[in-house]
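Numbering that gives the first Met the number 0 numbers the first residue of the sequence shown as 0 and each following residue consecutively. Cβ atoms here follow ideal geometry from the backbone N, Cα and C, with glycine treated the same way. Source: prediction; values computed, not measured. For reference, the structure is listed below as structure tokens.
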Amino acid sequence: MKRQRHRFKMIALFLFALFLLLGLYGVWSVTHYGSRWFSYAGNPRLAAQKENVVEGDILDRHGTVLASTDDGRRIFSSSPQARAAMVHVLGDRNGMIANSVETFQAGYLYGYQSSLSDAVHLLMTPSDVRKGNTVTLTLDAGLNTVLPGFFQLHPLSAGKNGAAVVMNYLTGEVLAMTSLPCFDPDTVTDADIVSLDHPFWNRATQALYPPGSTFKIVTSAAAMKAIPDIQSQSFECTGTLQVSEAFAVHDFNSVTHGTLSLRDAFRRSCNCVYASLALKLGDDALRSAAESFGFNQNFLFRDLVVYNSSYPVSNRTFDAIAASGYGQSALTATPVHMCLISAAVANGGTMPEPRLIRSVKTASGSQVLSFSTASARRVCSDEIASELSSMMKDVVQGGGSGNLADIPSLDIRGKTGTAESSLNGEKINY
């Protein structure tokens, strides 16, 4: 009998622990995924809110109105250029753009996420229709409007698909973000809807591109951490590195760089040196460094949805490892993530969380959300970040592969990258 009672107690304790774990997981899920669930188009609570609430305004960081509601119709900027440049961030009337402010921040815009005092006030003073919250973004509308035009200034980017992100590397504030091709939400055509260029796709947050030589930042960080005297070592580049019978690494136009230090190899973006470094480090060390910089991580940012970047974990041949050293193989990353990697170097080895919301206020002026920086991810030591920053300076100001970005009056640093497996090219600067 005692044994049976003991068994019942153990079962009861187990069930209690199980329910406790489920409850804690529920709290965690709501905290991390609540805004994502609420913004889902099929959410009946969102549909109910839209019936009784006038959607709130969206402002830029200077107070410029980017979106408002007039007589039940969503109104965007009066400038066609501004509407097109910011459409992927703000969204459109029909919800064609996934995870835009109009959809992902619907909880704020329709007043679902408000302060307790305002919720009580609404209960005490019911009305047929009420106004949602005003959401102020970190964006600079003027900067964002001119950003697409820069793509037309160079023959290699003019008329091409792509994306650009401008961020404050200290705070993570997204100052500008654009995706090409863009479109005017006031004049969407059937051709836009069926276009193979996918104009409704936000390439800044959703497109996964091979990082190319911009990934040499990560390989360099891994080498400096694992090989203490790496900066004093010399490497020999003959223009080609034969990794296996089936695979050889080439530098651009098979240029022979000769004897190089790590700094020289980075400045001249030598693929052969970085392939040999990857093989010397081994896949585990290189993957560990990549994951420290955010690859293979689940990005759960508060203000925006960014697709996860990938460093392969299976079928890792020597050929694949060598190619990974200079950002090829099956590596992929979004432009936002590569911007964050550059920000981490500029920020002394800590990667900020991207912020898109500056503040949220109710129609009565109560503060629902104010700007705050999130805890930063430590991706490398201060010493390594400082060395990487100096190497990125050489790329731009020391006659390296990024010399076209050199402006004498500015201290610009960066890294170029071109993906051999596609027609993609990237550049990250600060």
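First through last residue of the beta strand (DSSP E) which encompasses residue i
i	result
K159	Unbroken run through K159: none, as it is neither H nor E.
T331	Premise fails: T331 is in no beta strand (DSSP E) and is neither H nor E.
Of the residues the options, the one placed nearest residue i, counting alpha carbons only
i	options	result
N66	H256, E101, T333	Checking the sequence, you will find Ala at residue 66 rather than Asn. The residue with the shortest Cα to Cα distance from A66 is E101.
S253	F246, N270, L259, D228	N270
S78	L89, T144, H87	T144
K392	S371, K414, E382, S408	K414
S275	T218, L387, A105	T218
G238	Q230, F75, V248	V248
S408	Q327, Q396, Q80	Q396
N51	G71, A84, V64	G71
G416	R301, P353, L387, G326	G326
S147	P154, E425, I216, A162	One detail in the question is off: residue 147 reads as Pro in this sequence, not Ser. Of the listed residues, the one whose Cα sits closest to P147 is A162.
V157	D59, E382, V88, P180	First, the amino acid is wrong: residue 157 is Ala here, not Val. Among D59, E382, V88, P180, the Cα nearest to that of A157 belongs to P180.
F234	S243, Q241, I216, T258	T258
W200	I226, E244, V88	V88
Three-way DSSP call (helix, strand, coil) for residue i in this model
i	result
N132	coil
M95	coil
T349	strand
A218	For the sequence presented, residue 218 should be read as Thr rather than Ala. DSSP places T218 in helix when its eight states are reduced to three.
Q425	According to the sequence provided, residue 425 is Glu. The question's Gln does not apply to it. In this structure, E425 counts as strand in the three-state DSSP scheme.
S369	strand
C379	coil
S260	coil
C236	strand
I430	One cannot answer for residue 430 here, as it falls past the ends of the chain, which runs 0 to 429.
S400	coil
F103	helix
D69	strand
S212	helix
W27	Because W27 carries a pLDDT of 44, less than 50, the predicted location of this residue cannot be relied on, and the following value inherits that uncertainty. Of the three classes helix, strand and coil, the one that applies to W27 here is helix, per DSSP.
R336	Note on identity: in this sequence residue 336 is His, with Arg being the wrong assignment. Reduced to three states, the DSSP call for H336 is helix.
R230	One detail in the question is off: residue 230 reads as Gln in this sequence, not Arg. The answer is helix: DSSP assigns Q230 an H, G or I state.
R266	helix
beta-carbon residue i near the ligand NAP non-hydrogen atom, thresh 7 Å
i	result
G324	This structure does not include the ligand NAP; it has no bound ligands of any sort.
Extent of the continuous alpha helix (DSSP H) run through residue i
i	result
C271	270-280
H87	79-89
A362	No alpha helix (DSSP H) holds A362; DSSP gives it neither H nor E.
V254	Segment: none, V254 is in no alpha helix (DSSP H) and carries neither H nor E.
S323	317-323
A140	140-149
A190	189-193
T204	202-205
Note to self: Does the structure place the region 260-272 close enough to the region 394-402 that three or more beta carbon pairs sit under 8 Å?
What the structure shows: Counting Cβ pairs under 8 Å, three or more are found: they touch.
Kindly confirm or deny that the region 309-317 and the region 176-188 touch, where touching means at least three C-beta pairs closer than 8 Å. no
Pairs of beta-carbons, one from the region 289-296 and one from the region 333-342, closer than 8 Å: are there three or more?
yes
Mind the definition here: the region 315-322 touches the region 87-105 only if three or more C-beta pairs lie below 8 Å; say whether that holds. no
Touching by the beta-carbon criterion (3+ pairs, under 8 Å), the region 165-178 and the region 137-147 | yes
Is the number of C-beta pairs between the region 377-384 and the region 344-352 that are closer than 8 Å three or more? yes
### Query
Quick check: the region 196-209 against the region 326-338, are there 3 or more CB pairs under 8 Å?
Contact holds: three or more Cβ-Cβ distances are below 8 Å.
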